[in-house]
Amino acid sequence: MKSVTVSIDVPQTPEQVYDFLDVMAHHERFTNHYLTGWRYSGPGRGIGSCATVTAALGGVKTDVTIEVVEADPPRRMVERNVSAAGRRLAQGTYTIEPLRTGGSHVSFTYAWARVPLADRLLGPVVRATIRRANRTVMRRLATELARHVSAAGS
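For the sequence shown, the UniProt record's numbering assigns the number 1 to the initial residue and increments by one for each residue that follows.
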């Protein structure tokens with residue numbers, strides 16, 4: 001199944017964005033419109049930080065384990081997502097690039113590695129649903145970044 005990428009430009013530096021995203025608990029703040037019941041394990045940040053959440057999209061609920069598996073501060077972070085009792089395996093990649101005018105361009109790509117038959121059959125609908133949810137994630141991320149950086153500067 002083709003991957004889905006969403007992005008947003010924010011006024012924070014790549015270092016500020018990465019520092020915020022590196023803390024797994026911060027993700028709850030901008031994804032809790034469809035990811036709930038956050039349960040954390042492993043370190044609080046960096047490779048090995050992990051959360052199990054309940055994803056509710058398209059009228060379907062499923063538990064998802066999200067684990068950071070790669071990190072290249074302040075440019076890139078990769079999460080492995082396992083759900084549907086292991087039948088769904090995906091990778092979420094945050095890419096942070098500096099903007100010439102200051103700030104950062106933040107992209108999130110969700111790429112499926114293993115997909116249940118039902119998801120494949122409904123591929124266009126699944127992709128549209130993920131794209132819509134993750135566009136909201138990017139807008140909420142921008143809001144939470146502003147709050148976080150403002151609070152850190154106080």
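Glycine is no exception: its CB is placed at the ideal position from the N, C-alpha and C atoms. Quantities reported herein were computed from a predicted structural model and do not represent experimental measurements.
For residue i, which of the options has the nearest alpha-carbon?
i: A146; options: V126, K2, I47, T13; result: T13
i: R120; options: T5, S107, T101, R87; result: R87
i: A55; options: V149, T129, S150; result: T129
i: P11; options: V126, R140, S107, L99; result: L99
i: V6; options: V82, T62, T52, S107; result: S107
Does DSSP put residue i in a helix, a strand or coil?
i: H26; result: helix
i: residue 155; result: This structure cannot speak to residue 155, because the chain is shown only from 1 to 154.
i: Q16; result: helix
i: G102; result: coil
i: R82; result: Rather than Arg, the amino acid found at residue 82 in this sequence is Val. If DSSP states are grouped into helix, strand and coil, V82 belongs with the strands.
i: L89; result: strand
i: V6; result: strand
Within this structure, are the beta carbons of residue i and residue j separated by less than 8 Å?
i: T31; j: V115; result: no
i: V4; j: R140; result: no
i: T95; j: R80; result: no
i: R135; j: K2; result: no
inquiry  = Which complete beta strand (DSSP E) runs does the region 23-78 hold, if anything under 3 residues is left out?
reply    = 35-41, 50-57, 60-72
Is the region 73-90 touching the region 103-117, taking contact as three or more C-beta pairs under 8 Å? yes
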